[in-house]
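S.K.: There's a structure below that I have some questions on.
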Amino acid sequence: MTDARPGRRLAATATATAALTALAVYGVFFVAPEDADQGIIQKIFYFHVAIAIGSLLAFLVACVYGIRYLRSRDERDDEVSSTAVGIGIGFAILVVITGSIWAKASWGTWWVWTDPRLVTFLIVLLLYAAYFVLRSSAEGERRMRYSAIYSIAAFASVPLSFYSVRVARSFVHPVVFTQNGANMPDSMLVWFAVSQLAVIGVFLTIMQVELLQRRADKALRRIKLRLEAAA
Amino acid sequence: MSAGDPSWPRQMRALLLKDLRLELRTRDTAVAMVLFVVLAMLIFQFAVGSRGTDLTPYAGGILWATLSLTAVLGVGRSWVPERDQRVLDGILSAPVSRLVLLTSKAATIYAYLLAVEIVAVPLMALFFVRGSVAGDLGLIAVTCLLANLGIAVLGSLYACLALFARARELLLPVLFLPSLLPVVIAAAGAVNAVAGGTNDLAEYRGYSLFLAVYAVIFGLVAYATYDHVFDD
Amino acid sequence: MRASGLVKRFGERRAVDRVDVELAAGECLAVLGPNGAGKSTLLRMLATLLRPDQGALAVCGHRLPERAGRARAEIGYLGHDPLVYLDLTARQNLELYADLYGLPDARRRVDDALDRVGLLARSFDPVRTFSRGMAQRLGLARALLHEPRLLLLDEPYAGLDAAGAHLLDAVLADAVRDRGVVIVTHEVERGVALAGRLLVLRAGRAVLSERVGALDGATFRARYEELVA
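Residue numbers (my numbering), protein chains in the order written: chain A, 916 to 1146; chain B, 1000 to 1231; chain C, 169 to 397.
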């Protein structure tokens, strides 16, 4: 009855993730060149961006599995979708925290309205917090269906939110994205990539842990029901 | 025997007429929304303007802050007749496409928003703008028309998601407002660009374009999901 | 109308558990069972208001859920509520439904329908002023307006006054002749009297499903009590 494969997959993913994370931390803090202006705080930036992208990927997965659920009406698609949202929110909270630390280091205050990424992630947090409020307001099939629909709508809101904040800012300050994209030296780029992979690894690991736990819960409940029926 | 040939224009007309008749008979929603928007504006004035500061640069923002909260009210009311009077099953068991149903509700919300804006925009000018906005009214109207599209589409979809919830008066704002934020940002920006002292048409165009894109994207989302909103 | 293996779950509970139903035009099916047996849920599935989690369903040759739109044009549903807007007049309600069903010659049909249920005199009054019995009669008129081939009634006698019950008897007798009718009721005798087929549900399962001839209500009652005990 019990399938050992998911357990083994989890072990593999967890190990790979742990290795990547260790590598990333080592690389970012000890190998990557230090920024002239901001020093060690700038190192947070690597993780800040990696986690931000990880969060968006999580929400993309949630949206995709939401679509899949609507087509298949298979409970497992809803499981993946809702777990992905949970992880995405966790990451988003980290983005806001690291962004706030970054803001304090760069501009002296714990919050700024001028960083589009920070503001967007605040909106994103609210968007997906609503996901769970919606989820708890319904039950059974309706819960899964509504969650799927909202996971699609919310994901559409993410770029819209980002662009609206950015458009608003661009009329005040011309948009300059420092330290983003190709104008970064290779030595930094490498560690960015490693951090990103580590974050993706964390996502996959947590996802597998969650899914395994839910399946175990369900199997347990089924056995319980069967025992009760037989009694 | 059942020689019926439902055509969507006829169905749409019937649904809109029905909502209009219901509103005319009970006059609940439109009046409440208008009162609410006026009160909300007063709250803003007393909260931030009592020192005599010139709120002209913020007039557009105040307008859209109050309109978005009022929109939540209107959206929350949009399915009330069907729900309270338990007619929903009747409509759903009729051969009405869910798309037509959602679109008719969106159109109803749009109409309510317009009714409120007809009062709110002049009031904004009166209360918060020092100087004349007469020349800008056309541009402000266009902003309203565009923003209303996104709000109506979003609202009619989310209203369905909140329809059966126990705490639906709370659920709907929580659901609706985060997704509405981009509209607030852009619409406020657009109105401020023309009425807020500077007269920046490039800014206005940028925001207006965004509002149009928003409406299109949410229109697509609604189109992709409309069939799944109700149980069928 | 043909349904097989219908299942509907609410959470962990199976409200309807692998039920088969078959009905031809001119037949009347009575669905009996105690409260909570899944009768209303089954009816709502047939009315296309609920999507079955499992099983196949086809109405008048239209498979659900793909051809739901076509199927709905042939279905008339009357639930516990008359499904009419209280704040509209009787006439406005029927006109709305006439438009939704795309009926030609709407005005005449609305008049006929109102006349048939004895509401023509009150046709310009808002439904809010109607008694429960009158509202239910209007609901019946609504369900029959588009001359559906499949009529689904959920406890139609509940809340009807004597005149209404009499009327419903007549309407049903008339309807059964060339339509399929499914009645959900907990009044065993009445169900037996009306129907040519019986389906008894208990906890979501079909414990009896057969064609019956002229059956005596009292005799059947005993058997029924046994089945649902």
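Beta carbons: idealized from backbone N, C-alpha and C, even for Gly. Because the structure is a prediction, the values reported are computed rather than measured.
Around the Cβ of D1004(B), are there at least 16 other Cβ atoms within 10 angstroms (buried) or fewer (exposed)?
M.R.: Along the second sequence, one-based indexing puts residue 1004(B) at 5. The residue in question, D1004(B), is exposed, as its Cβ has fewer than 16 Cβ neighbours within 10 Å.
S.K.: For a test of the three-state rule: what should DSSP assign to L1113(B), helix, strand or coil?
M.R.: Sequence index remark: in the second sequence, residue 1113(B) carries index 114 (1-based). Three-state result, L1113(B): helix.
S.K.: Whole angstroms are fine: how far does the CA of E1202(B) sit from the CA of K1104(B)?
M.R.: As a position in the second sequence, residue 1104(B) is number 105, starting the count at 1. As a position in the second sequence, residue 1202(B) is number 203, starting the count at 1. When rounded, the distance between both Cα atoms is 32 Å.
S.K.: Is the CB of L972(A) under 8 Å away from at least one CB in chain B?
M.R.: Translated into positions along the first sequence, residue 972(A) becomes position 57. With 8 Å as the cut-off, L972(A) does not count as an interface residue toward chain B.
S.K.: I'd like to confirm the pairing. Which residues does DSSP put opposite R923(A) in its beta bridges?
M.R.: Residue 923(A) sits at position 8 when you count from the first residue of the first sequence. R923(A) is not bridged to any residue.
S.K.: Could you tell me whether the Cβ of L1062(B) comes closer than 8 Å to any Cβ of chain A?
M.R.: Taking the second sequence and counting its residues from 1, the one referred to as residue 1062(B) is at position 63. No, L1062(B) does not count as interfacial toward chain A.
S.K.: Cβ atoms of V175(C) and R181(C): under 8 Å apart, would you say?
M.R.: Residue mapping note: residue 181(C) aligns to position 13 of the third sequence, counting from 1. Residue mapping note: residue 175(C) aligns to position 7 of the third sequence, counting from 1. With contacts defined by Cβ atoms closer than 8 Å, R181(C) and V175(C) do not form a contacting pair.
S.K.: Between R1050(A), I1038(A), L1142(A) and F1118(A), which has its C-alpha nearest I1002(A)'s C-alpha?
M.R.: Here residue 1002(A) corresponds to residue number 87 of the first sequence, with the count starting at 1. That would be F1118(A), whose Cα lies nearest to the Cα of I1002(A).
S.K.: Could you tell me which of I1061(B), T1107(B) and A1064(B) sits nearest to A1158(B), measuring between CA atoms?
M.R.: As a working note, residue 1158(B) is residue 159 in the second sequence. Comparing Cα positions, the closest option is T1107(B).
S.K.: By Cβ distance, which residues of its chain are closer than 6 Å to V1115(B), with the 5 residues on each side in sequence left out?
M.R.: Here residue 1115(B) corresponds to residue number 116 of the second sequence, with the count starting at 1. Closer than 6 Å at the Cβ level, and outside the excluded window around V1115(B), lie M1032, V1033, V1036 and T1069.
S.K.: Classify A1164(B) as buried or exposed, calling it buried when 16 or more other Cβ atoms lie within 10 Å of its own Cβ.
M.R.: Reading the second sequence from its first residue, position 165 is the one you call residue 1164(B). So A1164(B) ends up on the buried side.
S.K.: When burial is assigned at 16 or more other CB atoms within 10 Å of the CB, is P1008(B) buried or exposed?
M.R.: The residue labelled residue 1008(B) in the question sits at position 9 within the second sequence. Label assigned to P1008(B): exposed.
S.K.: Would you tell me roughly how many angstroms separate the C-alpha atoms of E357(C) and R391(C), rounded to the nearest one?
M.R.: If you number the third sequence from 1, residue 357(C) lands on position 189. If you number the third sequence from 1, residue 391(C) lands on position 223. So the two alpha carbons sit approximately 12 Å from each other.
S.K.: 8 Å is my cut-off, CB to CB: does R177(C) come that close to chain A?
M.R.: Translated into the one-based positions of the third sequence, residue 177(C) becomes position 9. Closer than 8 Å to some Cβ of chain A, the Cβ of R177(C) qualifies, so yes.
S.K.: Classify G1218(B) as helix, strand or coil using the three-state DSSP reduction.
M.R.: Here residue 1218(B) corresponds to residue number 219 of the second sequence, with the count starting at 1. Looking at G1218(B) - three-state DSSP - the assignment turns out to be helix.
S.K.: How about R1137(A): is its C-beta nearer than 8 Å to some C-beta of chain B?
M.R.: Residue mapping note: residue 1137(A) aligns to position 222 of the first sequence, counting from 1. R1137(A) does not count as touching chain B.
S.K.: Once the 5 residues before and after V1090(A) are set aside, which same chain residues still bring their CB inside 7 Å of it?
M.R.: Along the first sequence, one-based indexing puts residue 1090(A) at 175. In this prediction, V1090(A) scores a pLDDT of 46, lower than 50, which makes its location untrustworthy; no coordinate-derived value is stated.
S.K.: Are the C-beta atoms of F1217(B) and some chain A residue less than 8 Å apart?
M.R.: Reading the second sequence from its first residue, position 218 is the one you call residue 1217(B). It does: the Cβ of F1217(B) has a partner Cβ on chain A nearer than 8 Å.
S.K.: Would you tell me roughly how many angstroms separate the C-alpha atoms of D1132(A) and E990(A), rounded to the nearest one?
M.R.: Counted from its first residue, the first sequence places residue 1132(A) at position 217. Counted from its first residue, the first sequence places residue 990(A) at position 75. Taking the straight line from one Cα to the other gives about 14 Å.
S.K.: For the segment 1043 to 1055 of chain A, list every residue whose C-beta sits within 7 Å of some C-beta in chain C, in sequence order.
M.R.: E1054 and G1055
S.K.: Between I982(A), D1030(A), R1137(A) and T928(A), which lies nearest to H963(A) when the distance is taken from Cα to Cα?
M.R.: Stepping through the first sequence from its first residue, residue 963(A) is reached at position 48. For the residues I982(A), D1030(A), R1137(A) and T928(A), the minimum Cα distance to H963(A) belongs to D1030(A).
S.K.: Within 8 Å (strictly less), CB to CB, does I1008(A) reach chain B?
M.R.: One-based indexing of the first sequence puts residue 1008(A) at position 93. Not one chain B Cβ lies under 8 Å of I1008(A).
S.K.: Under the rule that 16 or more other beta-carbon atoms within 10 Å means buried, what is F1127(B), buried or exposed?
M.R.: Reading the second sequence from its first residue, position 128 is the one you call residue 1127(B). Label assigned to F1127(B): buried.
S.K.: Just to confirm, is the Cβ distance from R259(C) to V285(C) under 8 Å?
M.R.: What you label residue 259(C) is simply residue 91 of the third sequence in a count that begins at 1. What you label residue 285(C) is simply residue 117 of the third sequence in a count that begins at 1. Their beta carbons are not under 8 Å apart, which means R259(C) does not touch V285(C) by this criterion.
S.K.: Mind listing, in chain order, the continuous beta strand (DSSP E) runs of no fewer than 3 residues lying wholly within the segment 347 to 390 of chain C?
M.R.: Look at the segment 347 to 390 of chain C and you find these whole runs of beta strand (DSSP E), each 3 residues long or longer: 348 to 352, 365 to 370 and 373 to 379.
S.K.: Any beta carbon from chain B within less than 8 Å of G270(C)'s own beta carbon?
M.R.: Reading the third sequence from its first residue, position 102 is the one you call residue 270(C). Interface residue, yes.
S.K.: Just verifying my parser: in three-state terms, what is the DSSP assignment at L1122(B)?
M.R.: The residue you call residue 1122(B) lines up with position 123 of the second sequence. Helix.
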